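**Q**
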Amino acid sequence: VKECKVFSALVTATCNTKEPNHIIWYTDGISPADGLKKNDKRKTTAVYWSILEFGARALSHEEVWFCVTTIRNTDLHLIEGGLSHVSRLLLNTVFLELRNGIFLQLHDEEHTMHMQAIIGVLLSDLVALDECCLLKGHNGIKLCACCANVINHRYFYGNTSGSWAVPSTCLDTTAMVAHTDASINDMLHKLSLYHGMVLGKTMSVEAFKEKEKIFGFNFSPESLLLDRQLNIGLASSLMYDWMHVYLCSGLLDVELGMLMVALKHYKSPTTYKVLGEYVKQWTFPQRNPSVLELFDDSAARNNLKSGSFSSTASQLLTLVPVLARFFSTVGVSQGYCKQQVHSLVACLEAVEMLQAVKTGKVTPAGLMHAIKRHLTLFQLAYISDAWRPKHHIALHLPQQLAHFGYLLSCFCVERKHRMVRRYAINRKGANTEPGLMEDITIQGLLELSESHVGATQGSLTGLCKPKGHTLAALEEMYGTSSEILISTKCIANGCVCVGDVSYYMHEGSRQACQVLLHVLINSVAYTLINAWQRVGQGCDAKSSSSCFTATDKLSLISTQQLESAVVYNNTNGHVVILNAAEFM
């Protein structure tokens, strides 16, 4: 904090000084080895932490996620309680002082800040959550840690499951009995008593394993949740990662793959090749990853064979608005697999709303409506065997939005894995962790010192001095005495680069423009744009889009007016912009 001005400002502006802050605890598996290797002995589990009070915008920067340890899975499996035990030890040693309160020396060197923090959020993909909290997950009869009476539908047999129980296919949230911290602790206490009976040989091991399956928890005396000093309430601290729920072997990529298989079976005109040609018509923000290779012949064959859609989470998120437009217009009009098409469109709309949660415009009620609509249509379109635990998990995202105020996704923490891989890939031997953690810590501090995590809306990054004709033109406009710097990127709900198309506010209305240059003149940020003329709102009845005419009308606006880079199609000067949920 003392060495980094930006981070010091963030801590000062966001963290509480009179009550405890909340630690976010994140764990995930990383493999620095060749992905084709069958016996990956170098697979590593990394543990990160951050502070909930930093807020959604700051937590989208990987620099404010700190790696506290890495441990190879071969070693982790030798520890009683595994990752849960390791997390317990870390929180009781490394974070003991933070829990009791510490004084931070701020960057100005004149003031100190008293800060306390307790574990407040457990965030991971479902596999890592199961390992950290010793949950049974989909292997248990009770597959959800948030629900006391939801039974895996594969084990649900009507009245024999109990009059209060409901299957995991149930969409009536009022019928679901929510777990509390106390009810989970009570279950763990009962499991502890049963475990004592096993040790006393008054209960068989098989009977005990059946109890674990019924309760939905694995038991270990070293469990993180059994530590009374930490006193972690699972029900109040659990946050499901919506990225892994929908985008990483999630609801969207699997359902898209299933739909494409069905369309091929019924000889629909919609193929992966057709989708690829449609995607080519659209221009994406420069910060987005390339997606065209996802539709080549090799990828199509593999996707049809697997029945899923293979891509990274960022690639799939990039495609969401284009896929939503295609299937809500072209897909529906073709008349093939109508129920499946409507279900996919509803899934895409739910993902758009989840992405827009960061804007603060999405309410828990609105998100619940979108998710329930998709799940209802999915049940109409597919057999019950297609229903997965993640469908039920999705129902808890609106509740967690209401509880925490915003939802975190693991995009930035997944990016953080690149740093771990970079230093782990060439390390071999029995004692690699100390040197690995040393390199990770030094690199993390360096990146934090150069971070723009505290940058406000409209801030410019990568500033440099203009040259040649650009310098001459700017000096002619603003005089040689002005301090002039230029940039190709600015911070505006992400990143808006030169060449991107962005919305901006002008006289109380939302207009569109193409960004030509970002300029810092005497420490004030401006953007040179081509201002486009609006033609209409909603180019067709079933799509969320806006239409503009591309012009060469140059204008200089405050960079703070820019909102976000958008996906657009420019056909002979007629521009169609796809509106994300945040602009609807």
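Take any residue in the sequence shown, count from 1 to its spot, add 12: that is its number in my numbering. Idealized CB from N, CA, C, for every residue including glycine. Please read these numbers as outputs of a predicted model, since none were measured by experiment.
Quick one: what's got a C-beta closer than 7 Å to Ile130's C-beta in the same chain, skipping five residues either side?
**A** Excluding positions up to five away in sequence, the list reads Pro32, His34, Ile35, Arg111.
**Q** Report the rounded CA-to-CA distance for Ala68 versus Leu420, giving the unit in angstroms.
**A** Roughly 7 Å between the two C-alpha positions.
**Q** Given a threshold of 16 other Cβ atoms within 10 Å of its Cβ, counted over all protein chains shown, does Gln545 qualify as buried or as exposed?
**A** So Gln545 ends up on the exposed side.
**Q** Could you have a look at Asp564 and say whether DSSP puts it in helix, strand or coil?
**A** If DSSP states are grouped into helix, strand and coil, Asp564 belongs with the strands.
**Q** Using DSSP bridges, identify the partner residues of Phe3.
**A** The chain is shown from 13 up to 596; residue 3 falls before or after that span and cannot be answered.
**Q** Check for me: the alpha helix (DSSP H) holding Ile454 runs from which residue to which?
**A** It spans 445-461 - the alpha helix (DSSP H) in which Ile454 sits, taken as one unbroken run.
**Q** What is the DSSP secondary structure of Trp37, counted as helix, strand or coil?
**A** Correct three-state label for Trp37: strand.
**Q** Please classify Asp198 as buried or exposed, where buried requires at least 16 neighbouring CB atoms within 10 angstroms.
**A** Counting Cβ neighbours within 10 Å, Asp198 comes out exposed, since fewer than 16 surround it.
**Q** Just how far apart, CA to CA, sit Ser514 and Gln523?
**A** Going from the Cα of Ser514 to the Cα of Gln523 covers about 8 Å.
**Q** To the nearest angstrom, how far is the alpha carbon of Glu65 from that of Gly520?
**A** About 32 Å.
**Q** Hey, out of Cys559, Leu116, Val273, whose CA is closest to Met125's CA?
**A** For Met125, the nearest C-alpha among the options comes from Leu116.
**Q** Terminal residues of the continuous beta strand (DSSP E) containing Ala577?
**A** Ala577 -> beta strand (DSSP E) spans 574-577.
**Q** Between the region 322-334 and the region 281-296, can you find at least three pairs of beta-carbon atoms closer than 8 Å?
**A** Because the criterion of three Cβ pairs below 8 Å is met, the region 281-296 and the region 322-334 touch.
**Q** To which residues of the same chain is Leu335 closer than 7 Å at the C-beta, ignoring the five residues directly before and after it?
**A** Excluding residues within five positions, the ones whose Cβ falls inside 7 Å are Leu360.
**Q** Rounded to a whole number of angstroms, what is the C-alpha to C-alpha distance between Trp37 and Ala140?
**A** Near 11 Å, if we compare the C-alpha coordinates of Ala140 and Trp37.
**Q** Roughly how far, in whole angstroms, is the beta-carbon of Ala325 from the beta-carbon of Met255, given that I think they are within contact range, below 8 Å?
**A** Confirmed, about 5 Å.
**Q** Rank Val588, Gly417, Cys509 by C-alpha distance to the C-alpha of Ala133 and give the top, closest one.
**A** Rather than Ala, the amino acid found at residue 133 in this sequence is Val. Checking every option, the nearest Cα to that of Val133 belongs to Gly417.
**Q** Report the rounded CA-to-CA distance for Phe307 versus Leu264, giving the unit in angstroms.
**A** Distance between the alpha carbons of Phe307 and Leu264: 16 Å.
**Q** According to DSSP, simplified to helix, strand and coil, what is Ser20?
**A** In the structure shown, Ser20 sits in a helix (DSSP, three-state: H, G or I).
**Q** Name, in chain order, the residues that DSSP records as bridge partners for Asn542.
**A** In the DSSP output, where bridge partners are listed per residue, Asn542 has Gln526, Leu566.
**Q** Per DSSP, which one or two residues make a beta bridge with Ser521?
**A** His518.
**Q** Could you tell me whether the region 94-114 touches the region 72-83, using the rule of 3 or more Cβ pairs below 8 Å?
**A** Contact holds: three or more Cβ-Cβ distances are below 8 Å.
**Q** From Arg400, Ala393, His415, pick the residue whose C-alpha is nearest to that of Ala377; which is it?
**A** Answer by Cα proximity: His415.
**Q** Would you kindly work out how many angstroms separate the C-alpha atoms of Asn315 and Leu236, rounded to a whole number?
**A** Near 39 Å, if we compare the C-alpha coordinates of Leu236 and Asn315.
**Q** Cutting at 8 Å between CB atoms, please list the residues of its own chain near Asp253, excluding the five before and the five after it.
**A** Closer than 8 Å at the Cβ level, and outside the excluded window around Asp253, lie Leu135, Ser136, Asp137, Leu420, Ser421, Cys422.
**Q** Write down the C-beta distance between Cys525 and Ile541 rounded to the nearest angstrom, noting that I regard them as a contact closer than 8 Å.
**A** Right, the Cβ-Cβ distance comes to about 4 Å (below 8 Å), so this counts as a contact.
**Q** Taking the C-alpha atoms as reference points, what is the distance between Lys285 and Lys350?
**A** Approximately 20 Å between the Cα atoms of the pair.
**Q** Does the structure place the region 382-389 close enough to the region 220-234 that three or more beta carbon pairs sit under 8 Å?
**A** Contact fails: fewer than three Cβ-Cβ distances are below 8 Å.
**Q** Considering only their Cβ atoms, is the gap separating Pro401 from Leu155 smaller than 7 Å?
**A** Yes.
**Q** Considering only DSSP beta bridges, list what Lys501 is partnered with.
**A** Answer is Thr473, Cys509.
**Q** Using the beta-carbon count (16 or more within 10 Å), is Lys30 buried or exposed?
**A** The residue is exposed, with fewer than 16 neighbouring Cβ atoms inside 10 Å.
**Q** Do the region 491-502 and the region 557-566 make contact, defined as three or more Cβ pairs closer than 8 Å?
**A** Not touching, per the Cβ criterion.
**Q** Quick one, which of Asp397, Cys27, Leu574 has its alpha-carbon nearest Glu267's?
**A** For Glu267, the nearest C-alpha among the options comes from Asp397.
**Q** Given 8 Å as the limit, is there contact between the region 189-198 and the region 149-167, that is, 3 or more CB pairs closer than that?
**A** The region 189-198, when compared against the region 149-167, does touch it at the 8 Å Cβ threshold.
**Q** Please report the residue range of the alpha helix (DSSP H) in which His404 lies.
**A** 401-406 is the span of the alpha helix (DSSP H), which, as asked, contains His404.
**Q** Just verifying my parser: in three-state terms, what is the DSSP assignment at Asp552?
**A** Low confidence applies here, because Asp552 scores a pLDDT of 49, under 50, leaving its location unreliable; read the following figure in that light. Of the three classes helix, strand and coil, the one that applies to Asp552 here is coil, per DSSP.
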